[in-house]
Amino acid sequence: MANLPENFSYSEDHEWIDAPTDVAAGTTVKMGITSVATDRLGEVVFAELPEVGDTVTAGDTCGEVESTKSVSDLYSPVTGTVTAVNDAVHDDYAVINSDPFGEGWLFQIEVDEAGPLMSAAEYSAANGI
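Using this note's numbering, the first residue of the sequence shown is number 795, and each one after it goes up by one.
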């Protein structure tokens with residue numbers, strides 16, 4: 795298995811949250827994109843993220859990431875309200891590539907309901923890693 799945090803959950807669209815697949819309503823989670831996504835995208839040069847107070851819906855587009863290769867939509871893995879945005883990402887988009895599961899997180903969401911989530915093992919199996 796790739797270097798995927800075991801205690802995170804993953805979406806089929808290559809987003810992660812820092813909580814298990816049975817994340818409870820009321821929990822605040824960080825969200826980002828996986829190393830699989832950053833490898834496929836190449837060097838990230840811009841990110842359009844939701845604003846604090848915005849509502850995101852599991853499976854729906856909630857922003858986009860632009861790289862030297864392409865533009866990719868972000869899909870929220872959970873339904874809830876955005877409570878924080880990682881300003882460090884806007885200061886240096888390279889952190890998304892260099893530390894996608896740490897300093898490269900994108901925003902926080904107070905969860906109302908989880909969407910379809912996979913464990914690290916399930917995500918690895920689904921992506922052949």
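Note that beta-carbon positions come from the ideal geometry of N, C-alpha and C, so glycine has one too.
| Query | Result |
| --- | --- |
| Quick one: give me the first and last residue of the beta strand (DSSP E) that V830 is part of. | Premise fails: V830 lies in the alpha helix (DSSP H), S829 to L835, not in any beta strand (DSSP E). |
| Rounded to whole angstroms, what is the Cα-Cα separation between W810 and V830? | 11 Å |
| What is the rounded straight-line gap between the Cα of M795 and the Cα of T875? | In this prediction, M795 scores a pLDDT of 41, lower than 50, which makes its location untrustworthy; no coordinate-derived value is stated. |
| Can you pull the DSSP bridge partners for D885? | Answer is none; D885 lacks a bridge partner. |
| On the three-pair Cβ rule with 8 Å, is the region 811-824 touching the region 900-913? | yes |
| Quick check: the region 877-886 against the region 850-858, are there 3 or more CB pairs under 8 Å? | no |
| Taking 8 Å as the cut-off, does the region 857-872 touch the region 833-842 (at least 3 CB pairs, one atom from each stretch)? | yes |
| Could you give the DSSP three-state label for I811: helix, strand or coil? | strand |
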